[in-house]
Amino acid sequence: MMFKSKNTNHLYTIFVTILTLIVFNACKSKPYTNYSVEGKKIEINESYTSNQKIESYIAPYRNHINKDLDSIISFCPETLDKNKGEWQTNIGNFMADACLELANPIFFKRENKKIDITLFNHGGIRSIIPKGNITKRNAFEVMPFENSLIVVALKGDKIKAMAQHIITEKKPHPLNGLTIYLNKNNEITNILFNEKHIDETKIYYVLTSDYLSNGGDNMTFFLKNEGTYDLNYKIRNVLIDYFYNHKSIEASNTPRIIKE
Amino acid sequence: MKRRTFLKNTAATTALVTLGDFSLSSFTTVKEKKITILHTNDVHSHIDPFPKDHPKNPGMGGVARRANVIEKIRKEENNVLLLDAGDIFQGTPYFNYYGGELEFKLMSMMQYDVATMGNHDFDNGIDGFNAMLPHANFDFVSANYDFKNTVLDGIVKPYKIIIKDGIKIGIFGLGVELNGLVDKKLYKETVYNNPIEVATDIAKQLKEIEKCDLIICLSHLGFDYKNEPEKVCDVKLAAATQHIDLIIGGHTHTFLDKPIVKINKVGKKVIVNQVGAYGINLGRIDFYLSDNSKYIGQEKNITL
Numbered sequence: 001m002m003f004k005s006k007n008t009n010h011l012y013t014i015f016v017t018i019l020t021l022i023v024f025n026a027c028k029s030k031p032y033t034n035y036s037v038e039g040k041k042i043e044i045n046e047s048y049t050s051n052q053k054i055e056s057y058i059a060p061y062r063n064h065i066n067k068d069l070d071s072i073i074s075f076c077p078e079t080l081d082k083n084k085g086e087w088q089t090n091i092g093n094f095m096a097d098a099c100l101e102l103a104n105p106i107f108f109k110r111e112n113k114k115i116d117i118t119l120f121n122h123g124g125i126r127s128i129i130p131k132g133n134i135t136k137r138n139a140f141e142v143m144p145f146e147n148s149l150i151v152v153a154l155k156g157d158k159i160k161a162m163a164q165h166i167i168t169e170k171k172p173h174p175l176n177g178l179t180i181y182l183n184k185n186n187e188i189t190n191i192l193f194n195e196k197h198i199d200e201t202k203i204y205y206v207l208t209s210d211y212l213s214n215g216g217d218n219m220t221f222f223l224k225n226e227g228t229y230d231l232n233y234k235i236r237n238v239l240i241d242y243f244y245n246h247k248s249i250e251a252s253n254t255p256r257i258i259k260e
Numbered sequence: 001m002k003r004r005t006f007l008k009n010t011a012a013t014t015a016l017v018t019l020g021d022f023s024l025s026s027f028t029t030v031k032e033k034k035i036t037i038l039h040t041n042d043v044h045s046h047i048d049p050f051p052k053d054h055p056k057n058p059g060m061g062g063v064a065r066r067a068n069v070i071e072k073i074r075k076e077e078n079n080v081l082l083l084d085a086g087d088i089f090q091g092t093p094y095f096n097y098y099g100g101e102l103e104f105k106l107m108s109m110m111q112y113d114v115a116t117m118g119n120h121d122f123d124n125g126i127d128g129f130n131a132m133l134p135h136a137n138f139d140f141v142s143a144n145y146d147f148k149n150t151v152l153d154g155i156v157k158p159y160k161i162i163i164k165d166g167i168k169i170g171i172f173g174l175g176v177e178l179n180g181l182v183d184k185k186l187y188k189e190t191v192y193n194n195p196i197e198v199a200t201d202i203a204k205q206l207k208e209i210e211k212c213d214l215i216i217c218l219s220h221l222g223f224d225y226k227n228e229p230e231k232v233c234d235v236k237l238a239a240a241t242q243h244i245d246l247i248i249g250g251h252t253h254t255f256l257d258k259p260i261v262k263i264n265k266v267g268k269k270v271i272v273n274q275v276g277a278y279g280i281n282l283g284r285i286d287f288y289l290s291d292n293s294k295y296i297g298q299e300k301n302i303t304l
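Chains as they are written, first to last, in full-length UniProt numbering: chain A, 1 to 260; chain B, 1 to 304.
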């Protein structure tokens, strides 16, 4: 500061002024206004060519999946189809019975209890299982969702509500453990569990999916429960394991809902 | 002395201001900018096109084709942003086998910029999502999911600002209520906050503090719920907020023929778009901006 001449001071002032102005001008750069917009949808159809770099990147993943999905793991002697049957279908019976078979040992080992009833929803079956060889792909097609098994403890009165729900909805939901009798007007005349009447105060253990246990597909009777037991077992994996365990799959014809 | 300096300064200032004005009026004309937004939603692991014999969408979609469409647009346009409104995961064995790895890798190859999280992006749990993030070369934004007590804390941010050709674009995300839709054991301690309240605050911040020229909301709330009039959706969000220019939606798999225009809280136009699902369509919105002061305060012209 001691050597600061009048001249430097002067230059300094000009310098600051210019600097200030530059900054000032930069800050007050005029704002942009969006005055016009165009919008459209581009359909990704067969008229476009594929990007070869992307295509060759996908190929090894696709090949691995296809090889695994298409390896034969069981056999289906007759086509299982959810659209064949008014009150039960062969694929519904198969689903309920197969899940019960694989879930029961797990539930017994963990809780020392047995599963009494199994119920899924008709809408959750997403495909047929065609007659012929069974591959893992069939399991993905039937059950593309990540739903897993859960056991819900329900009092007898809720079991009656469950039976009424099935009959009111008039859907062949996959069912095991209960036999529901109807008169010709589709009114329930009897509900049997192990050939006994439902005891309204007794607790029954119902195997279902986590989705339904949360009241999905209007199955709200699951919400007033006496406890739930998550089996952490994806339904698709149950099917795959079942196929591996059985050289040929057999769908039971035992009726679960009987109209007199 | 002081007075002299002041005078000199004033003189210099005046000269420079004059010079400045001179330069502005004679050397720089009005500047025009164009920002092109490309977007997808609910692709649901649909990496391959639908088979040719598919009953609903024969031969449609496919990542390799989408990549070429995007590449062509990038060649034609300078300022392209590629966005996704969530539910990247779940729907084909690619997800079941690889957990989302390939989806993220391909989106990175296509140079996606920002995405938001859909409910299905929690399908392998919040940890499953987090484990796939190293494969994603783009950012996730969500403003109404509070991830404070989860592994995504500080990783998924409320918004991202991208500057393209001097245009500041603020992009924030909104997610759907998880309770009842996704198992708690999957989303863990993620807290869902009211989307309209959050959007009101974030849009204000992006406009007034960050001074964004364009504000885009990536929403996984759903387009409109005719049977549930109380439920928050993109159409309601557009009407109840301000400052937002574009809402890119998802969740309801709504196939709009073209984007729609809604009027916001202060009477200005907002564009709402959603392009169905499974990568069948790519949405394209071109924003034209100008620094010509004649446009200030004027309603924008929208051609759809």
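A virtual CB, placed ideally from N, CA and C, is assigned to each residue, including glycine.
Source: prediction; values computed, not measured.
Exercise. Determine the chain A residues that contact B:M60 at a beta-carbon separation under 7 Å, and present them in chain order.
Key: Position 60 of the second sequence, counted from the first residue, corresponds to residue 60 of chain B. Under the 7 Å cutoff, chain A gives I44, N45.
Self-check item: Neighbour list for A:G39 in chain B, Cβ cutoff strictly below 8 Å
Solution: Numbered from its first residue, the first sequence carries residue 39 of chain A at position 39. Residues of chain B passing the Cβ test: K258, P259, I271, N273, G283, R284, I285, D286, I302, T303, L304.
Exercise. Please say whether B:D146 and B:N193 have beta carbons closer to each other than 8 Å?
Key: Locating residue 193 of chain B in the second sequence gives position 193, where the first residue counts as 1. Locating residue 146 of chain B in the second sequence gives position 146, where the first residue counts as 1. The answer is yes: Cβ separation under 8 Å.
Quiz item: Name the DSSP beta bridge partners of B:N301, please?
Solution: Taking the second sequence and counting its residues from 1, the one referred to as residue 301 of chain B is at position 301. Looking at the DSSP output, B:N301 sits in a beta bridge with A:S36.
Quiz prompt | Neighbourhood of A:M95 by C-beta distance below 7 Å, restricted to the same chain and skipping five residues each side | solution = Against the first sequence, residue 95 of chain A aligns to sequence position 95. Here the set comprises F120, I125, P174.
Exercise. Identify the contact partners of A:L207 in chain B, using a Cβ-Cβ distance below 9 Å as the criterion.
Key: Counting from 1 along the first sequence, the entry for residue 207 of chain A is found at position 207. Near A:L207 there are no residues of chain B at all, since even the closest Cβ is about 17 Å away, more than 9 Å.
Practice problem: Output the boundary residues of the beta strand (DSSP E) element that contains B:R284. | Solution: Residue 284 of chain B sits at position 284 when you count from the first residue of the second sequence. First-last of the beta strand (DSSP E) with B:R284: 281-290.
Quiz prompt | Residues of the stretch 44-67 of chain A with Cβ closer than 8 Å to any Cβ of chain B, in chain order | solution = Of all residues in the stretch 44-67 of chain A, I44, N45, E46, Y48, T49, S50, N51, Q52, K53, I54, E55, Y57, I58, Y61, R62, H64, I65 have a Cβ within less than 8 Å of some Cβ in chain B.
Practice problem: Starting from A:C76, follow its DSSP beta bridges and name the residues at the other end. | Solution: Here the question's residue 76 of chain A lines up with position 76 in the first sequence. Partner(s): A:G132.
Quiz prompt | Simplified DSSP assignment, three categories, for A:Y61 | solution = Taking the first residue of the first sequence as 1, we reach residue 61 of chain A at position 61. DSSP places A:Y61 in the helix class (H, G or I) of the three-state scheme.
Quiz item: If contact means a Cβ-Cβ distance below 7 Å, which residues of the stretch 145-157 of chain A contact chain B?
Solution: Result list: E146.
Practice problem: Look up A:E209 in the DSSP assignment and say whether it is helix, strand or coil. | Solution: Translated into the one-based positions of the first sequence, residue 209 of chain A becomes position 209. The residue you asked about is not Glu; residue 209 of chain A is Ser in the sequence shown. Looking at A:S209 - three-state DSSP - the assignment turns out to be strand.
Exercise. Kindly indicate the opening and closing residues of the beta strand (DSSP E) around B:H39.
Key: Sequence index remark: in the second sequence, residue 39 of chain B carries index 39 (1-based). From DSSP, the beta strand (DSSP E) with B:H39 extends over 32-40.
Self-check item: Amino acids of chain B, ordered along the chain, whose beta-carbon sits closer than 8 Å to that of A:L69
Solution: On the first sequence, position 69 is the one that residue 69 of chain A refers to. Going along chain B in sequence order, the residues near A:L69 (Cβ under 8 Å) are P93.
Quiz prompt | 6 Å Cβ shell around B:I47 - same chain, five flanking residues per side excluded | solution = As a position in the second sequence, residue 47 of chain B is number 47, starting the count at 1. These residues qualify, in order along the chain: V63, Y94.
Quiz item: Mind checking A:K136: buried by the 16 CB within 10 Å criterion, or exposed?
Solution: Residue numbering aside, residue 136 of chain A sits at position 136 when the first sequence is read from its first letter. Buried, by the Cβ-count rule.
Practice problem: Could you check if A:R110 is buried or exposed, using at least 16 other CB atoms within 10 Å of its CB as the buried criterion? | Solution: Here residue 110 of chain A is taken as the residue at index 110 of the first sequence, counted from 1. Exposed, by the Cβ-count rule.
Exercise. Per DSSP, which residues does A:T118 bridge with? Please list them.
Key: Counting from 1 along the first sequence, the entry for residue 118 of chain A is found at position 118. According to DSSP, A:T118 shares a beta bridge with A:N176, A:L207.
Quiz item: Cβ of B:G86 within 8 Å of Cβ of B:M117?
Solution: Against the second sequence, residue 86 of chain B aligns to sequence position 86. Against the second sequence, residue 117 of chain B aligns to sequence position 117. Going by C-beta atoms, B:G86 is nearer than 8 Å to B:M117.
Practice problem: Can you tell me the Cβ-Cβ gap for B:L102 and A:Y61, rounded? I've got them flagged as a contact below 8 Å. | Solution: As a first step, residue 102 of chain B must be located in the second sequence, where it is residue number 102. As a first step, residue 61 of chain A must be located in the first sequence, where it is residue number 61. A:Y61 and B:L102 do touch by the CB rule: their CB atoms are close to 5 Å apart, below 8 Å.
Quiz item: In chain A, which residues lie less than 7 Å from B:I155 when you measure between Cβ atoms?
Solution: The residue you call residue 155 of chain B lines up with position 155 of the second sequence. In chain order: nothing, as chain A lies at least about 23 Å away.
Quiz item: Shorter than 8 Å from the beta carbon of A:F140 to some beta carbon of chain B?
Solution: Stepping through the first sequence from its first residue, residue 140 of chain A is reached at position 140. The beta-carbon of A:F140 is placed less than 8 Å from the nearest beta-carbon of chain B.
Self-check item: Interface residues of chain A facing B:G279 [CB-CB closer than 7 Å]
Solution: Taking the second sequence and counting its residues from 1, one reaches residue 279 of chain B at position 279. Going along chain A in sequence order, the residues near B:G279 (Cβ under 7 Å) are I44.
Quiz item: Which residues in chain B sit within 7 Å of A:S252, going by Cβ to Cβ distance?
Solution: Numbered from its first residue, the first sequence carries residue 252 of chain A at position 252. Chain B residues near A:S252: none, gap ~29 Å exceeds 7 Å.
Quiz item: Do we get a CB-CB distance below 8 Å when we pair A:Y242 with the residues of chain B?
Solution: On the first sequence, position 242 is the one that residue 242 of chain A refers to. Chain B contact via Cβ: absent.
Quiz item: How long is the line joining the alpha carbons of B:K34 and B:V69, rounded to whole angstroms?
Solution: The count along the second sequence starts at 1 and reaches residue 34 of chain B at position 34. The count along the second sequence starts at 1 and reaches residue 69 of chain B at position 69. Rounded to the nearest angstrom, the gap between the Cα atoms of B:K34 and B:V69 is 19 Å.
Practice problem: Using the Cα positions of A:G39 and B:Y288, report the straight-line distance between them to the nearest angstrom. | Solution: The residue labelled residue 39 of chain A in the question sits at position 39 within the first sequence. The residue labelled residue 288 of chain B in the question sits at position 288 within the second sequence. Approximately 11 Å, taken between the alpha carbons.
Quiz item: Helix, strand or coil for B:C217 per DSSP?
Solution: In the second sequence, residue 217 of chain B corresponds to position 217, counting from 1. Strand.
Quiz prompt | Helix, strand or coil at B:G62 according to DSSP, with G and I counted as helix | solution = Within the second sequence, the letter at position 62 stands for residue 62 of chain B. For B:G62, the secondary structure class from DSSP, reduced to helix, strand or coil, is coil.
Practice problem: Report yes if the C-beta distance between A:A103 and A:L231 is below 8 Å; otherwise report no. | Solution: Within the first sequence, numbered from 1, the residue matching residue 103 of chain A stands at position 103. Within the first sequence, numbered from 1, the residue matching residue 231 of chain A stands at position 231. A:A103 places its beta carbon less than 8 Å from that of A:L231.
Quiz item: For B:H243, which beta-bridge partners are listed by DSSP?
Solution: Taking the second sequence and counting its residues from 1, one reaches residue 243 of chain B at position 243. Bridge partners of B:H243: none, in fact.
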